[in-house]
Amino acid sequence: NSVDFFGHLNSDDIIVTEADSVGPHDLQYYYEHCWLLLAPMGSGGGTRNKFLEGMTFRIPVITNPEGGMGNIKITNYQDAIVCDKKDILKNVYKLFDNKKYRQKMGESARKLIKSDYSFETSVEKLNHIYEIITKK
Numbered sequence: 001n002s003v004d005f006f007g008h009l010n011s012d013d014i015i016v017t018e019a020d021s022v023g024p025h026d027l028q029y030y031y032e033h034c035w036l037l038l039a040p041m042g043s044g045g046g047t048r049n050k051f052l053e054g055m056t057f058r059i060p061v062i063t064n065p066e067g068g069m070g071n072i073k074i075t076n077y078q079d080a081i082v083c084d085k086k087d088i089l090k091n092v093y094k095l096f097d098n099k100k101y102r103q104k105m106g107e108s109a110r111k112l113i114k115s116d117y118s119f120e121t122s123v124e125k126l127n128h129i130y131e132i133i134t135k136k
């Protein structure tokens with residue numbers, strides 16, 4: 001898990017925690033106070049809610065192909081970054097060193113979430129499916 005791998009970096013300025021753990025603050029606090037959601041995974045599985053949440057808060061996401069973005073359809077290096085484990089650190093530095101790129105990716109991610117994954121969009125898609133099913 002990320003705490004085992006990156007936990008030694010914990011400091012007043014760096015918070016390393018599991019996405020589904022709630023420490024001294026609720027998750028919104030962490031989303032509001034971070035600049036990157038780093039989520040390398042060993043295998044796929046589970047939902048990608050942490051990605052949707054982070055992207056809603058304009059936080060760039062970096063993950064690897066093993067975990068992937070699930071059903072979230074992104075433009076790589078624009079909405080989020082999916083890269084091999086060997087390239088993760090390089091991409092962390094790229095986002096850290098380039099605030100404009102980091103902000104642009106965050107804005108692009110938020111725009112994607114609002115247009116394709118918002119509550120309203122999801123309800124519209126479900127209603128459309130319901131209409132198709134009930135017409136038969």
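Numbering of the sequence shown is given in this note's numbering, commencing with residue 1 and proceeding in unit increments.
Even for Gly, the Cβ is constructed at its ideal location relative to N, Cα and C.
Keep in mind that this is a model prediction, so the values were computed, not measured.
Note that the region 125-136 does not touch the region 92-102; fewer than 3 beta-carbon pairs, one per stretch, sit closer than 8 Å.
The straight-line gap separating the alpha-carbon atoms of asparagine 127 and threonine 121 is approximately 10 Å. In its chain, beyond the 5 residues on either side, Pro40, Lys85 have a beta carbon closer than 6 Å to the beta carbon of asparagine 64. Setting aside the 5 residues that flank it on each side, leucine 89 has no residue in the same chain whose C-beta is closer than 8 Å to its C-beta.
Between serine 108 and aspartate 87, the gap from beta carbon to beta carbon reaches 8 Å or more.
Shortest Cα-Cα distance from tryptophan 35 to any of Val123, Ile74, Phe57, Glu66 involves Phe57. A distance below 7 Å between beta-carbons, with the five flanking residues on each side excluded, links glycine 54 to the following residues of its chain, in chain order: Tyr31, Leu37, Val61. Between valine 82 and glycine 70, the C-beta spacing is not below 8 Å. Going by C-alpha positions, lysine 135 is about 17 Å away from glutamate 124.
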